[in-house]
Each structure stands twice: as structure tokens, then as C-alpha cells.
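What follows is one structure encoded as C-alpha cells, with my remarks underneath.
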Amino acid sequence: MRVAERLFGAEGMNGPSLRQIATAAGQSNASVIQYHFADKDNLVREIMLNRVIEMEPARAAMLTTAESNGQLGSLETLLRILCMPHIALRDDAGRFPFGEFLLDFMLRYRGPSASTHPFDAQPNLVPCLVQTLSLIDARLHYMDRAIVSHRTMTAVVIFLHNLIRASEQKLVGPPFDLQIEDAILMGTQAILAPLPPLTI
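Mapping of the sequence shown onto UniProt numbering: position 1 corresponds to residue 1, and the numbering continues sequentially without gaps.
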């Protein structure tokens, strides 16, 4: 899955074929991928679910801290819980392959799994992600849920773009931290922007 994640992130969701992924993974037979995942869309779902589960412990710790500090109603805090665990998914080359994968998935992928989250059918596997999204919904109770979902996705796109850009610029230390902090603040303000006037 890591090879597929890296290739999808680098070449785009519609770039590598299952055969190319199998070759890059050292498998001479592309049917190995089909045997395990059936098709590309299931492979995409498994990559997503695997990584989201991997981020659960970090989100659990951040939720506990936020609750202790009385910050579960803070949108900025909730956006940090949603986004910051991605930083730990850096590879040995200093890149964020899942961030690249997820950004392209959100912007361009049009397969069946693009219409739902892969964990919708099994929310019990990712309770901390579900709780975080529910808290964001509650914080923005005055907005339509579709708008909340769209704005939250926009904030995540802002974060991932800046995370990947920081990696490409090889930022470390304070410059990296500053770019990430700026992304969180931009994302928070994007979500809280005034609603457009209703039109007929």
C-alpha cells in the first residue's frame, strides 16, 4: 500500500495503473494487486483507512488535552486535531506521501470512493476522527452541514498544500513551524468566513 500511496501522490490518482504499482512494489504479476484489493477503488479506500487509523492515537491524545483545557469548542484547536497528525507521516526522504495522496484524492479523484469516506461504513474504527468532525459540526451549528463539510475540506486542502510546499522547500525548524501555523490560522478563518448572501 505504501508504494501505491507514493505513486498516487507523485503522479496523481489517475496516473499509475495497477500493473505499474505491482512493478514498483517488486511484483511481476499485476494480478497480485487485484487479488488483495479487487480493483483500484478498493486500493484507494484501504490506503485511506489504514492511514486514518494510524493517526487515531495522536488525535486521541490531542482530544484528551483539549478537553482538559476546555478547548473542545475551539475551532482552531479542532482543526489542529484534524490536521497536525499528518506531520508524523513523513517518509525517510522528508516527504509526506499520504498528504500528497490525500490532496490529489480530494481535488481530482472521481472514483466511487470519492463520494463517501472509506470509514463511513466502519466509524467504530476511527472514533477520534468521527468525534473531531462531530465537534466541528457542533461548533458550526448555525451553518448547513454541507457548507461545514465543504469548508472543512477547504481548510484541510490549505493545510496539506502548505505541508507539501514546506517539504518541497526543505523547511525545517522555525520556518517549517511558521508555515504550518499560518496554514492552521488560514484554514480556521476560511471556515469562519461570513456566509454568502442567499440568492434566488
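Quick reminder that beta carbons are idealized off the backbone N, C-alpha and C, glycines included.
Which term fits residue i, buried or exposed, when burial requires 16 or more other beta carbons within 10 angstroms of its beta carbon?
i	result
P194	exposed
L63	buried
K40	buried
G99	buried
Y109	buried
If you draw a straight line from the alpha carbon of residue i to that of residue j, how long is it in whole angstroms?
i	j	result
M55	P197	37 Å
D91	L160	15 Å
G15	L79	30 Å
S167	A88	13 Å
R45	D177	31 Å
G70	T77	10 Å
Between residue i and the rest of its own chain, which residues show a CB-CB distance below 7 Å, the 5 nearest in sequence each way excluded?
i	result
V148	I136, D137, L140
D104	F8, G9, G12, M13
V130	P123
I need the boundaries of the alpha helix (DSSP H) containing residue i, first residue and last residue.
i	result
A166	145–168
P174	173–192
According to DSSP, is residue i helix, strand or coil?
i	result
residue 234	A query on residue 234 cannot be resolved here, the shown segment of the chain reaching from 1 to 200 and no further.
A138	helix
R59	helix
Spatial neighbours of residue i within its chain, please: C-beta separation below 6 Å, excluding the five flanking residues on both sides.
i	result
M186	I158
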